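If you're matching positions, the sequence shown starts at 141 in the numbering used here and goes up one per residue.
The beta carbon of each residue, even a glycine, is placed where N, CA and C say it ideally should be.
Quantities reported herein were computed from a predicted structural model and do not represent experimental measurements.
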Amino acid sequence: MYEHLKENNQSYLKHLKFSWTVAFYMLFSFCFLLVHGIAPFIPTPQLFTVEGISRKMKKWDAYSKLRKLK
C-alpha cells in the first residue's frame with residue numbers, strides 16, 4: 141500500500157482527496173450522460189460531455205506525471 145503512495149509522491153490524505161475527486165467527477169458525468177441518453181432534449185453541461193471528460197482526464201494525467209517527477 142505505502143509503496144504506491146511513495147511511487148506517486150503523495151501522502152495518504154492527498155491520495156484520498158485526488159482519487160475521490162476523480163471518482164465523484166466520473167459519477168456525476170455518468171449521471172448526466174445517463175439522463176441525456178434517456179432524454180436527449182435535456183442538455184448536458186459542457187463539463188460532462190465526452191470532450192469535457194477527455195480534457196479533464198488529460199489534466200489529471202499530466203498532474204500524475206508531474207507528481208512522480210518531484
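**Q.** Distance CB(R195)-CB(N148) smaller than 9 Å
**A.** Stepping through the sequence shown from its first residue, residue 195 is reached at position 55. Stepping through the sequence shown from its first residue, residue 148 is reached at position 8. Not in contact: R195 and N148 (Cβ atoms no closer than 9 Å).
Q) Could you check where the alpha helix (DSSP H) with I182 kicks off and where it finishes? A) Position 42 of the sequence shown holds residue 182. Here I182 belongs to no alpha helix (DSSP H), and DSSP marks it neither H nor E.
Q: Could you check how far apart the C-beta atoms of I193 and S169 are, in whole angstroms? I think they sit under 8 Å.
A: The residue labelled residue 193 in the question sits at position 53 within the sequence shown. The residue labelled residue 169 in the question sits at position 29 within the sequence shown. Contact holds; Cβ gap of about 5 Å.
Q.
Let me make sure I understand the geometry here. Which of F164, F188, T161, V162 has the alpha-carbon closest to that of F172?
A. If you number the sequence shown from 1, residue 172 lands on position 32. Minimum Cα distance to F172 is reached at F188.
(Q) Which same chain residues end up closer than 8 Å to L145 when comparing Cβ atoms and leaving out the 5 residues on each side of it in sequence? (A) Here residue 145 is taken as the residue at index 5 of the sequence shown, counted from 1. Excluding positions up to five away in sequence, the list reads S151, Y152, H155.
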